[in-house]
Amino acid sequence: MLVLGCKETKEQSTSATDNKETINSADSPEKTEKQSDGLTLLKGDFLYLADAAVLQTHREVYGVVIDEKMHELNSMASPYKKADTDMVPVEVRAKIFPKPDGEEGWDYRIEIKEILNVSEPKADGDDVIKLGN
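1 is the number of the first residue of the sequence shown in this note's numbering; add one for each residue after it.
Laid out in structure tokens, this is it:
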């Protein structure tokens, strides 16, 4: 009786694992619309200055395509900036693509498609470099 109970438990565990693998597989028809749209969730620090915009994540720095969505993000980030050069933490969903050959800038660019969050920078000031007196 104990062996039968263990066997049933094991079968349930196996089927739960199989379901998990199916849900997480890349070819699963159960992927959500957001998982299938080709966009990437990026969290990092955003800066727009003059005619250039960047998003610095923990692994990469991306050039940001300057368009209506980028200007919307900049408007949302502006209240959190004390200086023009302050970077603001953001979460966006974007399309990532390599920069065109022959152009200057970061290796990859992003085109922002959805703004998820804009938050106040940490007040620790550890990553600020100020020049002058």
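Where a beta carbon is used, it is the ideal one built from N, C-alpha and C, also for glycine. As the structure is a computational prediction, the values presented were derived from the model and not from experiment.
Q.
Please give me, in chain order, every unbroken run of the alpha helix (DSSP H) with length at least 4 that falls completely inside the segment 28-91.
A. Qualifying alpha helix (DSSP H) stretches, in chain order: 68-77.
Q.
Taking the beta strand (DSSP E) that Lys113 belongs to, which residues open and close that run?
A. 108-118 is the extent of the beta strand (DSSP E) around Lys113.
Q: Could you name the residues that DSSP lists as bridge partners for Ala94?
A: Ala94 is bridged to Thr40, Ile112.
Q: Kindly list the residues whose CB is nearer than 6 Å to the CB of Leu41, restricted to its own chain and excluding five residues on each side of it in sequence; keep chain order.
A: Result list for Leu41: Arg93, in chain order.
Q. If you draw a straight line from the alpha carbon of Asp45 to that of His71, how long is it in whole angstroms?
A. Their backbone Cα atoms lie some 15 Å apart in a straight line.
Q. What separation, rounded to the nearest whole angstrom, lies between the Cα atoms of Ser36 and Lys122?
A. A straight-line Cα-Cα distance of about 33 Å links Ser36 and Lys122.
Q. Buried or exposed: which applies to Val118, given that a residue is buried once 16 or more other Cβ atoms fall within 10 Å of its Cβ?
A. Buried is the call here.
Q: Keeping to the same chain, check which residues put their C-beta closer than 7 Å to that of Ala77; ignore five residues upstream and five downstream.
A: Hits under 7 Å: Phe46, Val88, Val90, Val118.
Q) Whose C-beta lies closer than 8 Å to the C-beta of Asp84 among residues of the same chain, with five residues either side of it excluded? A) Contacts found: Leu49.
(Q) To the nearest angstrom, how far is the alpha carbon of Ile112 from that of Lys81? (A) Going by the C-alpha atoms only, they are around 20 Å apart.
Q: Take Asp51 as the anchor and find which of Ile96, Asp67, Thr57 has the nearest alpha-carbon.
A: Residue nearest to Asp51 within the set Ile96, Asp67, Thr57 is Asp67 (criterion: CA-CA distance).
Q.
Are the CB atoms of Gly38 and Lys95 within a distance shorter than 8 Å?
A. Yes; because the gap between Cβ atoms is below 8 Å, this pair is in contact.
Q: Could you round the C-beta distance between Val65 and Ile115 to whole angstroms and report it? I think they count as a contact, below 8 Å.
A: Val65 to Ile115, Cβ: 14 Å. No contact.
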